[in-house]
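Residue numbers (this note's numbering), protein chains in the order written: chain A, 1 to 110; chain B, 1 to 916. Every residue gets a Cβ at the ideal spot worked out from N, C-alpha and C, and that includes glycine. All values derive from a computational prediction rather than experimental measurement.
See the structure below:
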C-alpha cells in the first residue's frame, strides 16, 4: 500500500510542479494546492498505513500513530488559508493589472 | 579574579560607552558639551592608578563567559603594552577633547562630535584591552565604524563621504581577512584567548599570521592601503589628531606588537613586515614633501612614520622593538601637537595652503615656539624626543643590512625636509595672503585662542620632556617592551651615547636634509606640479567600478525578472542536491520491505487521484481545473478514512467545500487557460522538471520507508498519557490542544494572518461603492435554496457545537467545528443577500478572529498565573443536563479559541471576495 500511495504522491508533486511553472495564475494556485495535498499524504505515509485503529482511546489497540494526524490537521487548515490568500492575490492581480499571466507581470517594481 | 581592578579595567571601556549615550537637552547642549571631556580625564586617572602594577611587570585580567562552548569569553587583560596604549588613548584624548571645545565653540554639531569621539574611544580601549580574539575583532570593526562616522562628519561634503567610505572599505577588508585568521587560530589551537596563546608560546602558521598582518596594514595605512589616510583628512582636525595620528592608526601597530612573540622565529613574518614598512616609510616621505595642504602633508608624514615603526617591529631585535615602542609614544606627542597646529592655523587664518601661509611668528610667538619644537622632534633633532627614537632606529637598521640603512637615511632626510617645510612655511616664511585674514593683534593669542594653543603647548612640552628626561620615556615604554620582548632591556636611554655610527648617520641626515631644505626652490615646485599618470587612488576607484560592472553583468545573466525562472532554479537545485545523497543511500542500504498489501478498490482510488492530478495539468477549462482539484481533495478525505484518521477526513471534506465556493466565486474573473501557449521548448523543459521532481519525491519517500526503521517513543507516549494527563480520549485532538498547544497557538496565528492579508489586498486599489450583492452567480433569489438553507442553518450550527464539545474524546474539535460553521454561514450567504446576513451577525469576522486569538492565548496564560508553564491544562468532570457527563478541561477554552479563529478567518476571506 505504501508504494501505491508513494507513487500517487510523486504524480501529485509532478503535476503541482508542472502547474506552478505555467503562465496562468489560477494554474499556479491549483499547483500549490496539489503540493499541500501531496505533502499531507507524505506525512501520513511516514506514520505507517493501515496498522491499527484510529487513535481514539474508546476503540481497541493497536492504534495508528497520532502525531502525523495532528500535524496534518493543522496543515490542512493552514493550506486552506494559504490557498485562499493565493486565490485572492491572483484575483486582485487580475483586477488591478488586467492580466493573469505570470510572465507579463514580471519586472514591475513600484 | 574580576574584583576591583577588573571593575576599573572594564570601566575604561564602559565610561566612554555610557558617555556617548548621554544627550544634553537642546538648550544647554552647546554649553555643556565640553563636559564630555570628563571621560578621558577619568580614564587617565584610572590608567595612572595601574602604574605600580605594570611597572612591576604584572597585569590585570577579568573575564565573563559569553559563549564558552564556542571559545567566546568577554575577557579583558591589561599588561604593559595595553597600558601604554590606554595611556595614549586617554592622554591624547584629554587634549583633543579640550581642544575641540574651543575649535568648534560655535558649531552646533560639537555635542555630536564628542559622542562619536567617545564611541571611538570605547572601541579603541576595547581593541587594546580585549584578550579574546573575537572580542578584539568586534572592537576593531567598531573603530572602523566610528572612524567612518567621524571622517564623514561633514556629511554634506562629497569629499568627506568619499573619504569615509574609502577608509571604511579598506579597513573592513582588513577586518574580514583577520576574521579568517582568527578562525584559523581557533581551528589550529582550539582557543581564542590571546593570553593562553602567548603563555604557551604557540606556533601559528605563517598563512594565519599573514591574515593578521593584512588587517594591521590596512588599519595602519601601510602600502598599498595607505591611500585612505590622506582622504580621511576630511574629518574635523581634532579627529585627525586623535584617530588618524595618535591612536586608531596605531591599532595595527598594536596588533603586530601583540603578536610579535608568537612569530619571533618566523622569517616570512619578519621579512613581510620589514619590507612593507620600508616601502611605506620612503613612499610616505616622498608624498609628504609634495603636499601644499598642511593636513595632507601631516597625513602623508603619518603614513611614513607608521612605516618606520612597522620596520622596527619587523626587525624584532631588542633595540628595534624598544625603538618601535618609544616612537609610538613620541609620534603621538609630536604628531598630535602638529595636527592641532594645523587646526589652529586654519581656524585663525582661514587657510591650510602652505604657499599662502607665513609670517605667523611675530603674531603668535608662543604658538610658534610650541609648533616648531614639535616639528623639530619629528625631524629628529636633539635634544627632543624624536631624536632618541631616531638614534635607536639607526642602531636597529645598522644591525640589519646596508640597503635598509641607506633607505632609512633617505627617509629620514625626507622627514627632515617636510618637517622644516611645515613650520618654516607656516610661521617664518613671508606672508603672502591678504592681511585681513590675519589675527587682529598679538593680544588675540592671549584671549580667543588660548584654548587652541594650550593643548599644543602641553603636547610639544611632552615631546621635549621625553628628550630631556629620557628616564621618563623609558619608564613609560619599558613595561610594553617587556611584554613584547619577554625581558627588560639591557640598556638605558640617554641623549648622549658617545660617538656611535648612529650619531654619524644623524649628523649625515641633518646635513643632507638641511641642504635639501636650502635648495628646495630648485625642485619642490617641479615635484608639486608633477601628476602621476596612474595612482593608487585611481586604481581603487577603478577597481570599485570594475567590481560593480562585473557583478551587474553576472547578475543580469540569471536575474531574469521572471518568477517562473527562479522557481526553475530552486527545482534544479533540489533535484541535483537530493539526487546525490539518494544515490548513495540506495547503494549502501539494505532494503527492508515491510508493507501492507493494497486492496483492489484502493488501487482504483489511487489511480483516480493520479488521473485527477494529470487532469489539472491537461485541461484548458477553468471549471474542470477547479473540479479536478476538488476531486483530489475529496479522494484525500477517503484515504484519510481508509487510513484510520477520522478527524482528518472530516476536516478535509469541509475544507474542500469552502475552497470550492471560494474558487467558483472568482473563477469567471480569470481569462481562459492556454490562450497564450508556451513555446515547445519551454513546455518540454517544464515537463522534464515536473517528472524529475515527482520521481525525486517518490524516491525520497521510498527511501524513508525502506530504510532502517527507528523505533520511536513518541507515539506510545501520547497514546498512554493522553487520558492520564489531559483527560481526553481523542489523541489527535489532545495533541493539538494540549501536548502541542503552543504549536497550535502559532498555527492559528499564522492562519489568521491570511484574513488580514486578504483584507489588505481587497482594500488596495480603487473600490467602487457597490451594494453588497448575493454571493453566488444567481442573479435572482432561489426559493428552493433559500428554504433549504433556512432549514439547515441551525442544524449545522448545533452540530458544529456538538463537534466542538466532544472533540476531546471523539472526532471533532475546534478546527473541524470552525470549518463546519464557516460552511453553514457560507451556505446562507449563497442563498440570501449577504447584506441581510451581515446585519444579523453580531460580530464582524475580524472581531471574531481577535477574540479567538485572545481566548486561546488567555487560556494558556491562565496557567502561567497559577505557576505552571504556558498552556498547562487542568481537568475536571462535570455533568450537564442533556449532554451527560462532560470532562471540562481548560483545553476546552483553548479549543473554543481555535474554533473562533477558524470561523472568523474563513468568513472574513469569503466575505471580502463577495463584497469585492
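- In terms of Cα proximity to residue 451 of chain B, the closest of B/343, B/208, B/408, B/479 is B/343.
- A distance below 6 angstroms between beta-carbons, with the five flanking residues on each side excluded, links residue 20 of chain B to the following residues of its chain, in chain order: 115, 118, 119.
- With contacts defined by Cβ atoms closer than 8 angstroms, residue 378 of chain B and residue 419 of chain B form a contacting pair.
- Within chain A, the C-beta atoms nearer than 7 angstroms to that of residue 730 of chain B come from 56, in chain order.
- It is roughly 12 angstroms from the alpha-carbon of residue 102 of chain B to the alpha-carbon of residue 348 of chain B.
- Under the 8 angstroms criterion on CB atoms, residue 44 of chain A is classed as interfacial with respect to chain B.
- According to the DSSP secondary-structure assignment, residue 63 of chain B is paired through a beta bridge with B/75.
- Residue 140 of chain B: member of the alpha helix (DSSP H) spanning 133-151, first to last residue.
- Only 733, 734, 735, 736, 739, 740, 743, 744, 747, 748, 750, 751 from the segment 733-751 of chain B bring a Cβ to less than 9 angstroms from some Cβ of chain A.
- Between residue 800 of chain B and residue 821 of chain B, the C-beta spacing is below 8 angstroms.
- Only 651, 652, 655, 658, 659, 662, 663 from the segment 650-664 of chain B bring a Cβ to less than 8 angstroms from some Cβ of chain A.
- Relative to the Cα of residue 24 of chain A, the nearest Cα in the group B/617, B/704, B/908 belongs to B/617.
- Within the same chain, 405, 501, 502, 505 come within 8 angstroms of residue 398 of chain B by CB-CB distance, once the 5 residues on both sides are set aside.
- Here residue 290 of chain B is not near residue 352 of chain B, since their CB atoms are 8 angstroms or more apart.
- Rounded to whole angstroms, the gap between the alpha carbons of residue 582 of chain B and residue 665 of chain B is 43 angstroms.
- Beta-bridge pairing by DSSP links residue 101 of chain A to A/24.
- Inter-segment contact for the segment 297-306 of chain B and the segment 318-325 of chain B is absent: fewer than three beta-carbon pairs are separated by less than 8 angstroms.
- In this structure, residue 21 of chain A places its C-beta atom within 8 angstroms of the C-beta atom of residue 689 of chain B.
- Within the model, the alpha-carbon separation for residue 58 of chain A versus residue 731 of chain B is close to 10 angstroms.
- Counting along the chain, the unbroken alpha helix (DSSP H) around residue 565 of chain B starts and ends at 563-588.
- For residue 327 of chain B, the enclosing alpha helix (DSSP H) has its first and last residue at 318-349.
- In this structure, the straight-line span from the alpha carbon of residue 225 of chain B to that of residue 9 of chain B is close to 33 angstroms.
- Between residue 150 of chain B and residue 18 of chain B, the C-beta gap is not smaller than 8 angstroms, which leaves the two residues out of contact.
- Taking 8 angstroms as the threshold, the shortest C-beta distance from residue 60 of chain A to chain B does not fall below it.
- Interface residue (Cβ-Cβ distance to chain A less than 8 angstroms): residue 609 of chain B is classified as such.
- Within its own chain, the residues whose Cβ lies closer than 8 angstroms to the Cβ of residue 372 of chain B, once the five positions on either side in sequence are excluded, are 423, 427, listed in chain order.
- Contact note: residue 622 of chain B reaches chain A through 26, using a C-beta cutoff of 7 angstroms and chain order.
- From the listed residues B/12, B/63, B/53, B/64, the smallest Cα separation to residue 42 of chain B is found for B/12.
- Out of B/335, B/317, B/482, the CA that lies nearest to the CA of residue 57 of chain B is found in B/482.
- Comparing C-alpha distances from residue 336 of chain B to each of B/107, B/671, B/910, B/238 shows the shortest one belongs to B/238.
- Under the criterion of beta carbons closer than 8 angstroms, residue 229 of chain B and residue 299 of chain B qualify as touching, at roughly 5 angstroms.
- Considering only beta carbons, the part of the segment 788-815 of chain B lying closer than 9 angstroms to chain A consists of 809, 810, 811, 813, 815, in chain order.
- Residue 575 of chain B has a beta carbon lying at 8 angstroms or more from every beta carbon in chain A.
- Excluding its 5 nearest sequence neighbours in each direction, residue 69 of chain A has C-beta neighbours in its own chain below 8 angstroms: 44, 47, 55, listed in chain order.
- At least one CB atom of chain B sits nearer than 8 angstroms to the CB of residue 73 of chain A.
- Residue-level contact check: residue 32 of chain A does not touch chain B, since none of the beta carbons of chain B fall below 8 angstroms from its beta carbon.
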